[in-house]
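Listed in order, the protein sequences are those of chains A and B.
All the letters of the first sequence, read from the start, carry residue numbers 1 to 197 under our numbering.
All the letters of the second sequence, read from the start, carry residue numbers 1001 to 1197 under our numbering.
C-beta: ideal position from N, C-alpha, C; glycine also.
Number of protein chains: 2
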Amino acid sequence: MSTNYTVAPWRSAIAHALHHHRNLAHARFLQLATVGINGRPTNRTVVFRGFLTDTNDLKFVTDRRSEKVVHILQNPWAEICWYFPQTREQFRIAGDLLCIAEDDPDHLQLHRTAAWRELSDAAQLQFLWPSPAKPRIKDKEAFSPAQPDPNCPQPDFCLLILNPEQVDYLELRGEPQNRTMYWRDENHNWSVEEVNP
Amino acid sequence: MSTNYTVAPWRSAIAHALHHHRNLAHARFLQLATVGINGRPTNRTVVFRGFLTDTNDLKFVTDRRSEKVVHILQNPWAEICWYFPQTREQFRIAGDLLCIAEDDPDHLQLHRTAAWRELSDAAQLQFLWPSPAKPRIKDKEAFSPAQPDPNCPQPDFCLLILNPEQVDYLELRGEPQNRTMYWRDENHNWSVEEVNP
């Protein structure tokens, strides 16, 4: 997680895009790429869960039984690609992922528990479903568990935190288009450069 | 490119989703993940340009000066993530990428030229813009080149062909959800398995 927090210069563009798309639920969906244990890229849709308080880190949630948790343990590097259709903006955000699981230290559990509490009932239920990507359990009862404690994270619930190091912001609506690169240095200062689209 | 062509079993679901979203231009946008030369994942939005005739291979286009061309030369493996918002379906398609550039053999140029001809005037023009991701050229004239020959691909125009090996199809609208995995073997036969979402 970031230290020496100041709001990164690319945050205002994301805030603007999120506000513009506030009535479009799937505008909070984005694609997360990681590298598999075979060295091949993997890519899936995840839901943006907001920024971690007093940081520029993005929050996602995942199931400990999903393969991306294995990938992240071997190679924490990730790049998200977030396209906003109404404003025609793309954010590519690269950084390293921290996966906070049930057995992580107490000071991290604070964040994990807070993220669990922010999930909808339906989203909480999914952490009690049978193991993802295993042969399909035909019994529908298996997908109808009792509602878990809304305040106590289920064992398989993990919080993913992306600590951005580079942001590539593309505005297709520009004349001709605009593209801005942002880099974070070791002191958590951000550099900005306008580049060709 | 595929040989022994039969239409893959996951194609009908994509055809249905494309038909359902036929009035939503950005439903043809999807996210392509590759691995960078530093071993880190990269991820960007690309436009689906249809299937290569008589194959199950997906077509995209790119600029030879873009970094993904360098990535693909070192590691051709890719995974696309394609989310259809109205039907709430996700396709994750993994396979290897072939990049057809100006100096590739004649039998591949046929496909490259055909893809060039299918581009809009605006899309063709972008291959004459200054080098992507380099410091911004402020002179707007640099982004207003003369329209190139609509029948003759510009030197930096490349056709990307994704040859799928695995498809992970998720239907969020299911009860509870449906997820189907497809794998291609060496004889180009596809296996199918229903898995837990």
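Less than 8 Å separates the beta-carbon of Leu-98 (chain A) from that of Asn-163 (chain A). Around the beta carbon of Val-167 (chain A), a 10 Å sphere encloses 16 or more other beta carbons of the protein chains shown; the residue is thus reported as buried. The residue from A:Met-181, A:Pro-153, A:Asp-139 and A:Pro-76 with its alpha-carbon nearest to that of Ile-37 (chain A) is A:Pro-76. Look at Phe-143 (chain A) here: in three-state DSSP terms it is helix.
Under the Cβ criterion of 8 Å, Lys-68 (chain A) is not counted among the residues facing chain B. Distances from the CA of Ala-1008 (chain B) to each of B:Glu-1141, B:Ile-1137, B:Phe-1051 and B:Asp-1103 were compared; the closest alpha carbon is that of B:Phe-1051. Here Phe-84 (chain A) carries a strand assignment [DSSP, helix/strand/coil]. With a 10 Å radius around the Cβ and a threshold of 16 neighbouring Cβ atoms, Ala-146 (chain A) comes out exposed. Using a CB distance below 8 Å, the part of the stretch 1037-1052 of chain B facing chain A consists of Gly-1039, Arg-1040, Pro-1041, Thr-1042, Asn-1043, Arg-1044 and Thr-1045, ordered along the chain.
In the displayed model, Ala-1078 (chain B) falls within a strand according to three-state DSSP.
Taking 8 Å as the upper bound for CB-CB distance, Ile-72 (chain A) and Thr-113 (chain A) are not in contact here, some 20 Å apart. Your pair Pro-130 (chain A) and Asn-1196 (chain B) checks out as a contact, with CB atoms roughly 5 Å apart and the cut at 8 Å. The three-state reading of DSSP puts Glu-67 (chain A) in helix, counting H, G and I together. Per DSSP, the beta bridge partners of Arg-1044 (chain B) are B:Leu-1032. Here Thr-1042 (chain B) is actually not in contact with Gln-1031 (chain B); their C-beta atoms are around 10 Å apart, not less than 8 Å.
If you look at Arg-92 (chain A), you'll find it in the beta strand (DSSP E) that goes 89-100. For Arg-1117 (chain B), the closest C-alpha among the options B:Phe-1048, B:Pro-1153, B:Arg-1173 and B:Trp-1183 is that of B:Pro-1153. In the three-state scheme derived from DSSP, where H, G and I count as helix and E and B as strand, Gln-1166 (chain B) is classed as strand.
Contact between Arg-92 (chain A) and Glu-102 (chain A) fails: their C-beta atoms lie close to 31 Å from each other, not under 8 Å.
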